[in-house]
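**Q** Pasting a structure here, questions to come.
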Amino acid sequence: MNRILSTQLPEHAGQTVTLAGWVHRRRLLKSVGFLVLRDRAGLAQVVAAPPALAAFPEETVVLVTGVATVNPAAPGGVEVAGPTIVALTDPAQPPPFDLYRPELAAALPTLLDHAPVALRHPRLSALHRLSARAVAGFRQALDALDFIEIHTPKLVASATESGANVFGIDYFGRPAYLAQSPQFYKQMMVGVFERVYEVGPVFRAEPHDTVRHLAQYTSLDAELGFITDHREVMAVVRSVVAGMLDGTGVEVPAEIPAIHFADAMDLLGADEPDLAPAHERWLGEWAVREYGSELLFVTGYPMVKRPFYTHPEPGRPGYSNSFDLLFRGMEIVTGGQRLHRYGDYVSALHGQDLAPYEAYLQAFRHGMPPHGGFALGRERFVARLTGAANVRQTTLFPRDLHRLSP
Ligand code: AMO
């Protein structure tokens with residue numbers, strides 16, 4: 001289609017141009033009418049006599065040909081005058097909310113039920129563009145560090161994280177699962193490529209209705225070999241997060257501050273094996289006060305709360321060489337050093353049937369380097385970045401306890 005975008009109007013001042021997009025809004029005054037057209041780049045104002053706009057209700061898709069005319073009052077300083085407007089669809093039915101208002105005045109369930117239309121709102125689509133830029137930043141940072149991108153199965157034979165929140169499925173008559181993470185596969189591929197990453201969907205049958213849990217989310221995973229301990233993984237996390245936050249105004253310290261889990265518990269005056277959301281919030285505020293940083297690593301989580309592949313802390317076996325990264329008081333990354341000796345895996349899986357882990361264990365039987373990695377949840381990252389209170393706002397089509405459609 002021979003068209004220019006709304007943002008290109010100023011370059012064409014004085015010329016006849018064609019724009020295509022959605023009718024974002026019409027304003028009909030006594031003697032003049034305005035049609036605001038929305039395309040993927042932004043908004044453009046079209047001026048016409050009010051009767052000429054009557055046939056094009058909001059959200060109708062139109063082709064507008066007219067003269068790009070300088071008008072300082074128009075968005076971008078140039079509007080389209082003397083237009084011919086052709087509808088490319090039937091007149092659109094009005095959406096259940098006004099997409100042209102700066103804020104969508106509808107409750108989250110309504111917006112999610114009407115996601116195909118609600119997501120057209122410039123605020124909402126902008127958030128998802130930001131998400132896409134963050135994922136591009138993740139890839140760029142890891143490409144620059146010589147990682148390669150892999151794609152691993154999402155239909156799997158065993159749970160990779162805790163067994164509790166795994167979706168079971170019928171796989172040609174055999175039991176199987178939706179992958180909770182690419183954990184086993186990314187580790188196995190360290191044995192091939194040394195440094196790998198994956199961007200893909202993961203599935204958690206989360207039984208709780210919370211603002212930070214989804215049944216499907218996008219996991220940004222990385223894994224690297226030949227490390228001394230988890231601190232090298234944390235340095236990679238720092239580069240990745242800096243890449244993802246580039247251009248957002250959030251400052252990433254050259255070294256992100258870190259606190260050991262045991263010290264965090266002392267600060268919190270608590271004695272628990274894991275951090276509760278309120279603990280994370282408190283530590284987030286503490287890191288701002290103490291270090292001026294919105295990012296904080298918590299290291300050394302107790303082994304009892306970490307998966308079996310976690311490497312213990314040398315000299316302090318109750319703790320682990322693992323970490324979480326908190327961003328604005330919420331866990332967005334989990335990672336750490338892994339076991340890498342076959343015998344250690346057999347011990348860690350104590351007494352369990354090893355058959356489902358056969359392919360995974362194969363890698364360790366045949367020689368794996370010391371390695372570690374991490375996973376960052378895209379939806380939580382974007383929620384912290386944008387201030388969205390609920391991860392459902394950072395997912396195009398969220399999946400949760402109650403929602404399987406749209
Ligand atoms: P973990 O289970 O902590 O670790 O998940 C890693 C990150 O994924 C995000 N996340 C979620 N986001 C939305 N909905 C959920 N239900 C959900 N669960 C987790 C969080 C979390 O920090 N294999 C390990 C990672 C590793 O060690 O490499 C793992 O999956 O942002």
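Quick note: the sequence shown uses this note's numbering, first residue 1, plus one each step. Note that beta-carbon positions come from the ideal geometry of N, C-alpha and C, so glycine has one too. Nothing here was measured: the structure is a model prediction, and the numbers come from that model.
1. So F374 is in the alpha helix (DSSP H); what residue range does that whole segment cover?
2. Check the DSSP bridge columns for G335 and list the partner residues they point to.
3. State the DSSP-derived secondary structure class of P75, mapped to helix, strand or coil.
4. DSSP three-state label for D98, please.
5. Counting C-beta neighbours from all protein chains within 10 Å, is the total for P312 16 or more, i.e. buried, or is it exposed?
6. For Y319 versus G300, is the C-beta distance shorter than 8 Å?
7. Report whether the distance from the Cβ of L376 to the nearest heavy atom of the ligand AMO is below 7 Å.
8. Using a 10 Å radius around the Cβ and a threshold of 16 neighbouring Cβ atoms, would you call K186 buried or exposed?
9. Is F327 near H230, with beta carbons less than 8 Å apart?
10. Among L214, P182 and Y309, which has the Cα closest to the Cα of I150?
11. Run through the DSSP bridge pairs and tell me what L220 is partnered with.
12. Can A215 and F203 be called in contact, C-beta distance under 8 Å?
13. Check the C-beta distance from L88 over to V62 and give it rounded, since I have them as a contact under 8 Å.
14. Quick one: does the C-beta of R392 sit closer than 7 Å to a heavy atom of the ligand AMO?
15. Under 8 Å, do G372 and I259 count as touching if we go by C-beta distance?
16. Should G200 be counted as a contact of the ligand AMO given a C-beta to heavy atom distance under 7 Å?
17. If contact is defined by three or more beta carbon pairs under 8 Å, each pair taking one atom from either stretch, is the segment 11-19 in contact with the segment 64-83?
18. Can you give me the C-alpha to C-alpha distance between M244 and F138, rounded to a whole angstrom?
19. In angstroms, rounded to a whole number, what distance separates the CA positions of P175 and L155?
20. Specify the secondary structure class of H279 as computed by DSSP and reduced to three states.
21. Between Q183 and the ligand AMO, is there a pair consisting of the residue's CB and a ligand heavy atom that are separated by less than 7 Å?
22. With 16 as the cutoff for other CB atoms within 10 Å, does A389 come out buried or exposed?
23. For Y171, report the span of its beta strand (DSSP E) as first-last.
24. Expressed to the nearest angstrom, what Euclidean distance is found between the alpha-carbon atoms of K30 and P50?
25. Would you report the Cα separation of Q93 and H114, rounded to the nearest angstrom?
26. So, are the CB atoms of L124 and A118 less than 8 Å apart?
27. Assign T395 to one of three DSSP states: helix, strand, or coil.
28. DSSP on H230, reduced to helix/strand/coil?
29. Grouping DSSP H, G and I as helix and E and B as strand, with all else coil, what is G33?
30. Compute every distance between the C-beta of Y217 and the non-hydrogen atoms of the ligand AMO, then say whether any falls below 7 Å.
31. Taking DSSP as the reference, what is the three-state secondary structure of M303?
32. Would you mind stating whether L283 and L296 have Cβ atoms separated by less than 8 Å?
33. What does a CB cutoff of less than 6 Å around R238 pick up in its chain, not counting 5 residues either side in sequence?
34. Give a single yes or no on whether R120 has its beta carbon closer than 7 Å to a heavy atom of the ligand AMO.
35. Hey, quick one: how far does the alpha helix (DSSP H) through R123 stretch, first residue to last?
36. Could you check which residue in M188, A73 and I85 has the C-alpha nearest to that of Y342?
**A** Per the coordinate set shown:
1. Counted from its first residue, the sequence shown places residue 374 at position 374. In the DSSP annotation of this structure, F374 is not part of any alpha helix (DSSP H); the continuous beta strand (DSSP E) holding it starts and ends at H371 to G377.
2. In the sequence shown, counting from the first residue as 1, residue 335 sits at position 335. Within the DSSP bridge table, the entry for G335 names F323 and F374 as partners.
3. Reading the sequence shown from its first residue, position 75 is the one you call residue 75. Shown here, P75 sits in a helix according to DSSP, grouped into three states.
4. As a first step, residue 98 is located in the sequence shown; it is residue number 98 there, counting from the start. Correct three-state label for D98: coil.
5. Numbered from 1 along the sequence shown, position 312 holds the residue referred to as residue 312. Buried: at least 16 other Cβ atoms inside 10 Å.
6. Here the question's residue 319 lines up with position 319 in the sequence shown. Here the question's residue 300 lines up with position 300 in the sequence shown. Their beta carbons are under 8 Å apart, which means Y319 touches G300 by this criterion.
7. Counted from its first residue, the sequence shown places residue 376 at position 376. Yes.
8. As a working note, residue 186 is residue 186 in the sequence shown. Buried is the call here.
9. As a first step, residue 327 is located in the sequence shown; it is residue number 327 there, counting from the start. As a first step, residue 230 is located in the sequence shown; it is residue number 230 there, counting from the start. Cβ distance not < 8 Å, so F327 and H230 don't count as in contact.
10. Counting from 1 along the sequence shown, the entry for residue 150 is found at position 150. Checked all of L214, P182 and Y309; the closest Cα to I150 is P182.
11. Translated into positions along the sequence shown, residue 220 becomes position 220. Residue pairing by DSSP places L220 opposite V199 and L376 in a beta bridge.
12. The residue you call residue 215 lines up with position 215 of the sequence shown. The residue you call residue 203 lines up with position 203 of the sequence shown. Pairing A215 with F203 gives a Cβ-Cβ distance under 8 Å.
13. Within the sequence shown, numbered from 1, the residue matching residue 88 stands at position 88. Within the sequence shown, numbered from 1, the residue matching residue 62 stands at position 62. The beta carbons of L88 and V62 sit about 6 Å from each other, so the pair counts as a contact at 8 Å.
14. For this step, residue 392 is matched to residue 392 along the sequence shown. Checking every heavy atom of the ligand AMO against the Cβ of R392, none is found closer than 7 Å.
15. On the sequence shown, residue 372 is found 372 positions in, with the first residue counted as 1. On the sequence shown, residue 259 is found 259 positions in, with the first residue counted as 1. No, these two residues do not count as a Cβ contact at 8 Å.
16. Position 200 of the sequence shown holds residue 200. Not one heavy atom of the ligand AMO sits closer than 7 Å to the Cβ of G200.
17. Short answer: they touch.
18. Position 244 of the sequence shown, counting from 1, holds the residue named residue 244. Position 138 of the sequence shown, counting from 1, holds the residue named residue 138. Distance between M244 and F138, taken at the CA atoms: about 6 Å.
19. For the purposes of this step, residue 175 is identified with residue 175 of the sequence shown, where counting begins at 1. For the purposes of this step, residue 155 is identified with residue 155 of the sequence shown, where counting begins at 1. Approximately 10 Å, taken between the alpha carbons.
20. Stepping through the sequence shown from its first residue, residue 279 is reached at position 279. If DSSP states are grouped into helix, strand and coil, H279 belongs with the helices.
21. Working through the sequence shown from its first residue, we reach residue 183 at position 183. Correct: Q183 has its Cβ closer than 7 Å to the ligand AMO.
22. Here residue 389 refers to the residue found at position 389 of the sequence shown. Answer is exposed; the Cβ neighbour count stays below 16.
23. Within the sequence shown, residue 171 is the residue found at index 171, counting from 1. Following the DSSP letters along the chain, one finds Y171 inside the beta strand (DSSP E) bounded by residues G168 to Y171.
24. Here residue 30 is taken as the residue at index 30 of the sequence shown, counted from 1. Here residue 50 is taken as the residue at index 50 of the sequence shown, counted from 1. Distance from the CA of K30 to the CA of P50, rounded to the nearest whole angstrom, comes to 8 Å.
25. Working through the sequence shown from its first residue, we reach residue 93 at position 93. Working through the sequence shown from its first residue, we reach residue 114 at position 114. Looking at the two C-alpha atoms, the distance is approximately 13 Å.
26. Here residue 124 refers to the residue found at position 124 when the sequence shown is read from its first residue. Here residue 118 refers to the residue found at position 118 when the sequence shown is read from its first residue. Yes. Within cutoff.
27. Counting from one through the sequence shown, the residue named residue 395 turns up at place 395. For T395, the three-state secondary structure derived from DSSP is coil.
28. The residue you call residue 230 lines up with position 230 of the sequence shown. Three-state DSSP puts H230 in a helix.
29. Numbered from 1 along the sequence shown, position 33 holds the residue referred to as residue 33. Here G33 sits in strand by DSSP.
30. The sequence position of residue 217 within the sequence shown is 217, counting from 1. Yes, the ligand AMO has a heavy atom inside 7 Å of this Cβ.
31. Position 303 of the sequence shown, counted from the start, is the residue given in the question as residue 303. DSSP places M303 in helix when its eight states are reduced to three.
32. Looking up residue 283 in the sequence shown gives position 283. Looking up residue 296 in the sequence shown gives position 296. Taking the C-beta atoms as reference points, L296 is found nearer than 8 Å to L283.
33. Working through the sequence shown from its first residue, we reach residue 238 at position 238. These residues qualify, in order along the chain: I256.
34. For this step, residue 120 is matched to residue 120 along the sequence shown. Checking the Cβ of R120 against the ligand AMO gives no.
35. Indexing the sequence shown from 1 puts residue 123 at position 123. For R123, the enclosing alpha helix (DSSP H) starts and ends at P122 to A144.
36. Along the sequence shown, read from residue 1 onward, the residue named residue 342 stands at position 342. Out of M188, A73 and I85, M188 has the C-alpha closest to the C-alpha of Y342.
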